[in-house]
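Residue 77 in numbering that gives the first Met the number 0 sits at position 78 of the sequence shown, with consecutive numbering throughout. Every residue gets a Cβ at the ideal spot worked out from N, C-alpha and C, and that includes glycine.
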Amino acid sequence: MNAIDPAGPSGDGDASTTANRTHRKGGLQLKNRKTFLIAGAVLTCALAGFATVGTSLASTPSADPSVTPSALPTDGGQRSGPADGGATGIVQSTSASGFTLKTATGVTVTVSDTASTTFTKSSHRASAKEVKEGTSVLVLGLVDSADITASKVIVQPHGDGGATAAEEAGVIAFQQGTPSPAKSVGTIPDYTEGEGTVVSGSTADKATQAAQAVVPGGIADRVVRLDDGEYEVHNISINWPHHVFVNKHFKVVGWE
């Protein structure tokens, strides 16, 4: 695949706050977890059931010790709970525990930093004091809906929170009751629903950073490695696009 130039086509903007949707190309659809209620179970049965669940979780290839059982993959390696991703925007307010930012489409994101969060500016290490109201930032970390526990915060000295890039990419802001358009830009892989495996760490960071540089405005709530070795960065909180495709060299090649 050939990489898409960041100066892509222009359009309107917003995204869906739920990942439970099926895309015409296969998309991602997360299935509801079934809960089994067992009445009158004796202690020995309960212990046996607990042991079975423990064995199942331990044998799940993509199980992450930092993720609760309810957030483990439920369909084809996809995860229904927190996963690594990120967002770009303008800082709105700061506090002792982090800050809030607003994306180019008006989505408010709450960011929490920890003792292990790293801050950079102009490719150099910086301090949390660099994050001020009005600052453009890219946040990478564990995403849970509109909350991000930051692993990295990149201060963008001359950034506009992704507003220019979002307009050029044609990002459509979320509007209740408005369906997502069936359109695509660039090269779209022939993937199927549930294909691939959720990735984390530096791999997810690189894919998210690439996607947010070209198609910002929403929140990237997970990164999936597809069967061909390329990546799909899944967006929420905007109406379009929900899928940004990044090749093995972490270059954006298309979105839909």
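- Out of T148, A149, G217, the CA that lies nearest to the CA of H242 is found in G217.
- Under the 10 Å beta carbon count, R224 is surrounded by 16 or more other beta carbons and is classified as buried.
- Under DSSP, the beta-bridge partners assigned to D146 are T109, D143.
- Out of T99, T116, G80, T117, the CA that lies nearest to the CA of T87 is found in T99.
- The DSSP-derived three-state label of D83 is strand.
- By the Cβ neighbour-count rule, H233 is buried, with 16 or more other Cβ atoms within 10 Å of its own.
- In this structure, T148 and L137 do not form a Cβ contact; the two beta carbons are roughly 15 Å apart against a cut-off of 8 Å.
- In this structure, the CA atom of V251 is about 6 Å from the CA atom of A210.
- By DSSP's assignment, H123 forms a beta bridge with K120.
- Taking a contact as a CB-CB distance under 8 Å, the pair I187 and G228 does not count as one, their CB atoms being some 16 Å apart.
- In this structure, K128 is the residue among K128, K151, F173, V170 with its C-alpha nearest to the C-alpha of S92.
- In the three-state reduction of the DSSP assignment, T99 falls in the strand class.
- In the three-state reduction of the DSSP assignment, S199 falls in the coil class, being assigned neither a helical nor a strand state.
- Each of V108, V214, G97, H248 was checked against the Cα of E167, and the nearest Cα belongs to V214.
- As computed with DSSP, L137 is found in a beta bridge with T87, I153.
- For V130, the three-state secondary structure derived from DSSP is coil.
- Within the same chain, Cβ atoms closer than 7 Å to the Cβ of D159 are found at S135, the five residues on either side in sequence being excluded.
- Assignment of D159 by DSSP, reduced to helix, strand and coil, places it in the coil class.
- The bridge partners DSSP lists for Y230 are R224, V245.
- Sequence-distant partners of K247 (beyond 5 residues in either direction) whose C-beta falls short of 7 Å from its own C-beta, in its chain, are G228, E229.
- V198 is positioned such that its CB atom lies closer than 7 Å to that of V222.
- Under the DSSP assignment, G176 falls outside any beta strand (DSSP E); it carries neither an H nor an E label.
- For A95, the closest of T107, T113, T207 by C-alpha to C-alpha distance is T113.
- Secondary structure of V184 (DSSP, three-state): strand.
- Burial is judged here by how many other beta carbons sit within 10 angstroms of a residue's own beta carbon; Q208 has at least 16 and is buried.
- F249 and G84 have their C-alpha atoms spaced approximately 14 Å apart.
- Rounded to whole angstroms, the gap between the alpha carbons of I153 and S115 is 14 Å.
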